[in-house]
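Read the structure below first, then the notes.
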Amino acid sequence: MPPPSSARPSSYSPGSPSWSTPTARRTAPDHPRSRAGPGIGRQPVHREPNTPHIGQEDPSVILPGEFDALFHGEARSGGFSRVARIVDPALPPEAEPFSFLCADLLHHIAAELALEEGEVLADLGCGRGGPGLWLARAARADLVGIDFSPVAVDQARQRAGTHAMKGTAHFVVDDLTATGLPSASVSAAVSIDALQYADDRAAAAQEARRILRPGGRLVVTGWHPLSPGAPRLSERHRHSDWPAVLHAAGFTAVHCHARPAWTDTYQNIYRVALQLGDPGPDTALAGLQSEARRRLPTAHLLRRVAVTAVSG
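Residue 420 in my numbering sits at position 152 of the sequence shown; the count goes up by one each step and never skips.
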């Protein structure tokens, strides 16, 4: 079993070319990104679907530090992953997602990535690390995870040692539009419910293409509107079109996949969270319930998608 990422030396060289990335926290860039909460003094960012709305008129923005608080809460109680397992008992427990993931979607992602032993997977917006660690372990591949939240990255590093990986796992605090990874340095990349919330989707897609080796695959999960421009949807979702974004970034062989089970899981996670009643001290569940009350009325207007693209 490899040691946790935080125990590894500062030089990390998964495959070729190699790079040096400090395991200590990077200084996150000053422009906002939405996969994880910004640091003190940075601008508010757009909220993910499972984050709480705390005293703000606009539910699409979050206050600095909210995401870190949610990650702390999830580590203490496991409220979100508990709901996900109730909705889909087949979901591998070690994945512990902090996203709207089901077993069928996780296995679809693994098949689309087509990772081979010894290759390098980048998890863009890795959060607490579970799905990326599961994918890398299944393929006996190396993993590098990027997230804006220092709390999430610390938790991912701690969890890396529990996954019995053959390859290495390395996690860095950085931004989706400027990952700090060298060009053409990873074999494949995945972004589970993260690129959808980048403030500059085009820049995030271009960065993903930059770090991928020629022929490397990217899999992005998110939501598309059933009726583009539907006024009841937030601006964030109203015109989402990931195939168009990825084509514009220079990707080829772009394919959009959607299965009813993926959308059902998204909606059922909200429903089950509300059915659990008073969350008590479980701040992760409380945040999910708050989000469910706002999002469930329009959830039927969205379709869960997974988009695969190839770096040219």
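Quick reminder that beta carbons are idealized off the backbone N, C-alpha and C, glycines included.
Item	Value
So what's glutamate 387 in DSSP terms, helix, strand or just coil?	coil
How long is the line joining the alpha carbons of aspartate 467 and arginine 504, rounded to whole angstroms?	9 angstroms
Distance, Cα to Cα, arginine 485 vs aspartate 546?	42 angstroms
Curious, which full-length beta strand (DSSP E) runs of at least 3 residues does the stretch 405–432 contain?	410–415
Counting only runs of 4+ residues fully inside the stretch 440–482, write out the alpha helix (DSSP H) ranges in chain order.	469–479
Going by C-alpha distance, which of Ile377, His507, Leu389 is nearest valine 488?	Ile377
Is glutamate 387 near alanine 437, with beta carbons less than 8 angstroms apart?	no
Excluding the 5 residues flanking aspartate 509 on each side, which residues of the same chain have their C-beta closer than 8 angstroms to its C-beta?	His492, Pro496
Which residue marks the beginning of the beta strand (DSSP E) containing serine 230, and which one marks its end?	It is not possible to answer for residue 230, since the shown part of the chain is limited to 269 through 580.
Thinking C-beta only, is leucine 392 closer than 8 angstroms to serine 230?	This structure leaves residue 230 out entirely; the chain is present only between 269 and 580.
In whole angstroms, what is the alpha-carbon distance linking threonine 531 and valine 573?	8 angstroms
Below 6 angstroms CB to CB, which residues in the same chain sit around glutamine 464 once its five sequence neighbours on both sides are set aside?	Gly490
What is the rounded straight-line gap between the Cα of alanine 472 and the Cα of glutamine 543?	36 angstroms
Using CA atoms only, rank isn't needed, just tell me which of Pro357, His431, Thr520 is closest to glycine 483.	Thr520
What are the boundary residues of the beta strand (DSSP E) that histidine 523 is part of?	519–525
Quick one, are the C-beta atoms of leucine 381 and leucine 369 less than 8 angstroms apart?	no
Taking the straight line between their C-alpha atoms, what separation do you get for glutamine 474 and glycine 413?	17 angstroms
Would you call the stretch 431–445 and the stretch 400–416 touching, i.e. three or more CB-CB distances under 8 angstroms?	yes
Can you tell me whether DSSP reads proline 565 as helix, strand or coil?	helix
If we ignore side chains and look at the alpha-carbon of each, how far apart do aspartate 372 and alanine 337 end up?	29 angstroms
Counting C-beta neighbours from all protein chains within 10 Å, is the total for isoleucine 322 16 or more, i.e. buried, or is it exposed?	Here isoleucine 322 scores only 33 on pLDDT, less than 50, and its place in the model should not be relied on; the value that follows carries that caveat. So isoleucine 322 ends up on the exposed side.
Considering proline 360, what are the terminal residues of the alpha helix (DSSP H) in which it resides?	Careful: proline 360 lies outside any alpha helix (DSSP H) and carries neither H nor E.
What is the DSSP secondary structure of proline 493, counted as helix, strand or coil?	strand
Can you name, in chain order, every residue of its own chain whose Cβ lies under 6 angstroms from the Cβ of alanine 560, other than the five neighbours on each side?	Tyr538, Ala541, Leu542
Tell whether a beta-carbon distance below 8 angstroms holds between alanine 516 and alanine 577.	no
Please return the same chain residues whose Cβ sits closer than 6 angstroms to the Cβ of glycine 400, not counting the five positions on each side in sequence.	Asp391, Cys394, Leu411, Gly413
Note down the Cα distance separating arginine 344 from glycine 580, rounded to an integer number of angstroms.	43 angstroms
Quick one: what's got a C-beta closer than 6 angstroms to glutamate 364's C-beta in the same chain, skipping five residues either side?	Ser349, Gly398
Is leucine 570 buried or exposed, if buried means 16 or more other CB atoms sit within 10 Å of its CB?	buried
With a threshold of 7 angstroms on Cβ separation, who are the neighbours of alanine 406 within its own chain once the five nearest residues in sequence on each side are excluded?	Ala378
Would you list the one or two residues that DSSP bridges to histidine 438?	Val412
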